[in-house]
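Quick note: the sequence shown uses the working numbering, first residue 47, plus one each step.
We put the CB at the ideal spot given by N, CA and C, even for glycine.
For reference, the structure is listed below as structure tokens.
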Amino acid sequence: MSGLAVRTPIRIVFVASLMTALIGCSRAKPIGLSIEGYNYTNRFIVDLTVTDESGNSAWGGDVLLSTPTAGGGKDACCVMLDPNNKRPVRLRVAWMFDRVDDVNGHTIAAAVKKAAWVTVNPPYPSDPRNFEIHFYPDGHVEAAVTHWSSPPRILLPKDRRPTS
47 MSGLAVRTPI RIVFVASLMT ALIGCSRAKP IGLSIEGYNY TNRFIVDLTV
97 TDESGNSAWG GDVLLSTPTA GGGKDACCVM LDPNNKRPVR LRVAWMFDRV
147 DDVNGHTIAA AVKKAAWVTV NPPYPSDPRN FEIHFYPDGH VEAAVTHWSS
197 PPRILLPKDR RPTS
């Protein structure tokens, strides 16, 4: 067997390995998105958690009642997302509605644990920064990936109070 015949397969394997390594390096790594809660319900939300299908969790903090100009939550870090992913992403959102007390300190509505699955569909913004979670009065939850914080989707009175 000639030296050329032996070197050609070695070169092919080397070039294929190099191409595989370069392709792997060019893939975008997951980025951390700030969790932003929007609470259109009549109860405070405590202990918001977002978990992906692999079991990776992120804590989103507490979410007060939304106002006409704010969602009610604060930024908490981070939901990890691959910005180049072309498939829908399913995430489990878990939270607890806080208890409601009357003016005398008596509980009129107990704390209630809730959970829902949300799906986020691509395409994502070119520079995603936020993972918004919207809690609606009818009990459903929606999520969105955005570059900037969105205004509330439902404009509720600024002076409303938690109720049972």
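Considering only C-alpha positions, which residue in the set Phe181, Ile77 and His186 is nearest to Leu202?
Phe181
Count the other CB atoms within 10 Å of the CB of Asn102; is the residue buried (16 or more) or exposed (fewer)?
exposed
Bridge partner(s) assigned by DSSP for Tyr84
Gly118 and His180
Neighbourhood of Arg135 by C-beta distance below 6 Å, restricted to the same chain and skipping five residues each side
With the sequence shown as reference, residue 135 is identified as Val, and Arg is not the correct amino acid for it. The beta carbon of Val135 lies closer than 6 Å to those of Val166 in the same chain, with the five residues before and after it left out.
Ser103 in three-state terms, based on DSSP
strand
Could you work out which residue in Tyr170, Ala190 and Asn85 is closest to Leu137 when comparing CA atoms only?
Ala190
Endpoints, beta strand (DSSP E) assigned at Thr97:
Ile91 to Asp98
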